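Novice:
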Ligand SMILES: Cc1cc2nc3c(=O)[nH]c(=O)nc-3n(C[C@H](O)[C@H](O)[C@H](O)COP(=O)(O)OP(=O)(O)OC[C@H]3O[C@@H](n4cnc5c(N)ncnc54)[C@H](O)[C@@H]3O)c2cc1C
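Okay, structure coming up:
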């Protein structure tokens, strides 16, 4: 058995946004820091490398952000998408942190740009990373290396040694790595297909729905430490079937398909299942507040398959997916190309078209184009599907990240039987379930990871060192907590 001879101050497990935020903050506070990333260098950065933006509170226009997005509105948005399954104190802490973290991010080499045009109405609420999440993670790694953070790739931790609720060591096979404090930021369990199967079980048709999910991001978030911590009695929060789940192109790869496999025209047309039946209001709300429920909706359909149908009027109004859709000059031809029963499909579209009320179409507001007398209704952006060419995109569920995690409070300390560990902290997807019981609003994953990664890093440094070298970081996160 190998043991590290010099006792580290802070061990960070994971190599995504939450982990690097924690590592940088702990190092800036004066701690010695080691990052253990399961992935090889080429694939470092977890799901964070796939991201584009973070949701930010602001009271007035700020560089790339337009107008204002006050704390209360951000909170109300979260309350709405989670249906109240959120912890207000934790949510407000993350929201407040989001108002001032960008200067710190810039200091570490992150650049921002105005929002991209497309279907997501985000210029007011979300700051986009120039070069996307890959560039953000590269900037953080560069900065961490410059500051003297040690980084080890291909280092998947398989268990934690915990005594009386206190972190003692992390194990990678026969290697034992001790540290005075630890931050676990190793993501959810979305890449673990067996665990997904166990959580989702079989449906009434005898299908195993999760066998048809694609994992939109990294293959390395296997939930190994989540499982280990649960087995060691850590307090948890969240339902294992709840997740951020998007309807993606059914041709997407099993892992790492990323953003370009998302199909964003749902709110501009109708969605039918493999029996050519509609099953949900496609125009319920703005796409950023709804796109993350469509994976789950499709998961509950037979065969975990659905088809997003649009006509020529929708073209140019959404971010085109990487794969072209099926194209046809008539609706029967489209049904055939999609493998749907032609009569059932034509009836569904005719019923929908007849129910559309004439209104003023405006995709930028919750407009008055809606259906009447149709089940399920389409409450906004309902326009007849009547203008050739017609397009169909076959969809399947794309899981982004799971919500089961550690139940923590503002300190992010892992709890055992309600008692906070003094030296073990959790950040990012590992504890996102405290804010996200269900639902999602675009950009809040990075808000949570940045806020609690930074807090966890400072608290871990503080736990590890008797004399903190740099108090600035502590003041900064304490300021957010008030
Ligand atoms: C395609 C896609 C697009 C997205 N777009 C956005 C967006 O624009 N805005 C937004 O807010 N959110 C977005 N998200 C969600 C966002 O990625 C997550 O909320 C966020 O990245 C979580 O950060 P994290 O650090 O907790 O996890 P990750 O970034 O997933 O990091 C987890 C890390 O832990 C490592 N790891 C796992 N197990 C172990 C182990 N046993 N030992 C050591 N290391 C381990 C992994 O290799 C990985 O590096 C997107 C996700 C995907 C998949």
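Numbering (the working numbering), first residue to last: 32 to 513. For glycine and all other residues, C-beta sits at the position ideal for the given N, C-alpha and C. Remember, predicted model here, so these are calculated numbers, not experimental data.
Using the beta-carbon count (16 or more within 10 Å), is residue 395 buried or exposed?
Specialist: When all chains shown are included, residue 395 counts as exposed.
Novice: Taking the straight line between their C-alpha atoms, what separation do you get for residue 328 and residue 408?
Specialist: So the two alpha carbons sit approximately 16 Å from each other.
Novice: With a threshold of 16 other CB atoms inside 10 Å of the CB of residue 476, please say whether the residue is buried or exposed.
Specialist: buried
Novice: Taking its Cβ as the centre, do 16 or more other Cβ atoms sit within 10 Å of residue 78, making it buried, or is it exposed?
Specialist: It is buried - the Cβ of residue 78 has at least 16 other Cβ atoms within 10 Å.
Novice: Does any C-beta atom of chain B lie closer than 8 Å to the C-beta of residue 383?
Specialist: Given the protein chain composition of this structure (a single chain), no chain B is represented.
Novice: Could you tell me which residues DSSP pairs with residue 202 in its beta bridges?
Specialist: Beta-bridge annotation (DSSP): residue 202 is paired with 190 and 207.
Novice: Note down, one range per segment and in chain order, each beta strand (DSSP E) of at least 3 residues found wholly within the stretch 308-394.
Specialist: 337-341 and 357-359
Novice: When you compare each of 134, 220, 249 and 129 to residue 72 by their alpha carbons, which one comes out closest?
Specialist: Minimum Cα distance to residue 72 is reached at 249.
Novice: Do residue 256 and ligand 1 come close, with the Cβ less than 7 Å from some heavy atom?
Specialist: yes
Novice: Provide the residue(s) that pair with residue 402 in DSSP beta bridges, ordered along the chain.
Specialist: 387
Novice: Nearest-angstrom Cα distance between residue 173 and residue 118?
Specialist: 34 Å
Novice: What would DSSP say about residue 280, mapped onto helix, strand or coil?
Specialist: strand
Novice: Answer yes or no: do residue 213 and residue 44 have a C-beta to C-beta separation smaller than 8 Å?
Specialist: Cβ distance < 8 Å, so residue 213 and residue 44 count as in contact.
Novice: So within the stretch 87-156, which uninterrupted beta strand (DSSP E) runs reach at least 3 residues, ignoring any that extend past its ends?
Specialist: Counting only runs that start and end inside the stretch 87-156, there is no beta strand (DSSP E) element of at least 3 residues.
Novice: Does the beta-carbon of residue 121, which I'm using as the reference point, lie nearer than 7 Å to any heavy atom of ligand 1?
Specialist: no
Novice: Leaving out five residues before and five after residue 471 in sequence, what residues of the same chain have Cβ atoms less than 7 Å from its Cβ?
Specialist: Correct list, in chain order: 112, 275 and 323.
Novice: Going by C-alpha to C-alpha distance, which of 493, 458 and 146 sits closest to residue 7?
Specialist: Outside the shown range of the chain, which is 32 to 513, sits residue 7, and nothing can be said about it.
Novice: So, is residue 331 buried or exposed, given that buried needs 16 or more other C-beta atoms within 10 angstroms?
Specialist: exposed
Novice: What does residue 451 pair with, by DSSP beta-bridge criteria?
Specialist: Residue 451 is bridged to 446.
Novice: Identify the continuous alpha helix (DSSP H) that holds residue 41 and give its terminal residues.
Specialist: Residue 41 -> not in any alpha helix (DSSP H); beta strand (DSSP E) instead, spanning 39-44.
Novice: Between which two residues does the alpha helix (DSSP H) containing residue 163 stretch?
Specialist: 163-178
Novice: Can you tell me the Cα-Cα spacing of residue 258 and residue 103, whole angstroms?
Specialist: Between residue 258 and residue 103, the C-alpha separation is close to 35 Å.
Novice: Check whether the Cβ atoms of residue 267 and residue 42 sit closer than 8 Å, and answer yes or no.
Specialist: Cβ atoms of residue 267 and residue 42: not closer than 8 Å.
Novice: Residue 370 and residue 81 - do their beta-carbons sit closer together than 8 Å?
Specialist: no
Novice: Apart from the five residues just before and just after residue 263, which ones in its own chain have a Cβ nearer than 8 Å to its Cβ?
Specialist: 191, 193 and 447
Novice: Going by the DSSP bridge assignment, what does residue 275 pair with across the sheet?
Specialist: 432
Novice: Can residue 460 be considered in contact with ligand 1, in the sense that its beta carbon sits closer than 7 Å to one or more heavy atoms?
Specialist: yes
Novice: Closest by CA to residue 382, which one among 160, 363 and 309?
Specialist: Among 160, 363 and 309, the Cα nearest to that of residue 382 belongs to 309.
Novice: Whose CA, out of 352, 466 and 453, lies closest to the CA of residue 197?
Specialist: Residue 453 is the option with its Cα nearest to residue 197.
Novice: Using only CA atoms, which one of 65, 55 and 238 lies nearest to residue 137?
Specialist: The residue with the shortest Cα to Cα distance from residue 137 is 55.
Novice: One question on the structure: do residue 159 and residue 145 come within less than 8 Å of each other, judged by their Cβ atoms?
Specialist: yes
Novice: For residue 377 and residue 405, I'd like the C-alpha separation in whole angstroms.
Specialist: 15 Å
Novice: In its own chain, which residues sit with a C-beta less than 6 Å from the C-beta of residue 199, not counting the 5 before and 5 after it?
Specialist: 192
Novice: Taking 8 Å as the cut-off, does the stretch 339-346 touch the stretch 413-429 (at least 3 CB pairs, one atom from each stretch)?
Specialist: yes
Novice: Taking the alpha-carbon of residue 241 as reference, which of 430, 450 and 451 has the nearest alpha-carbon?
Specialist: For the residues 430, 450 and 451, the minimum Cα distance to residue 241 belongs to 430.
Novice: Ignore the nearest five residues each way along the sequence and tell me which others in residue 449's own chain have a CB closer than 7 Å to its CB.
Specialist: 266
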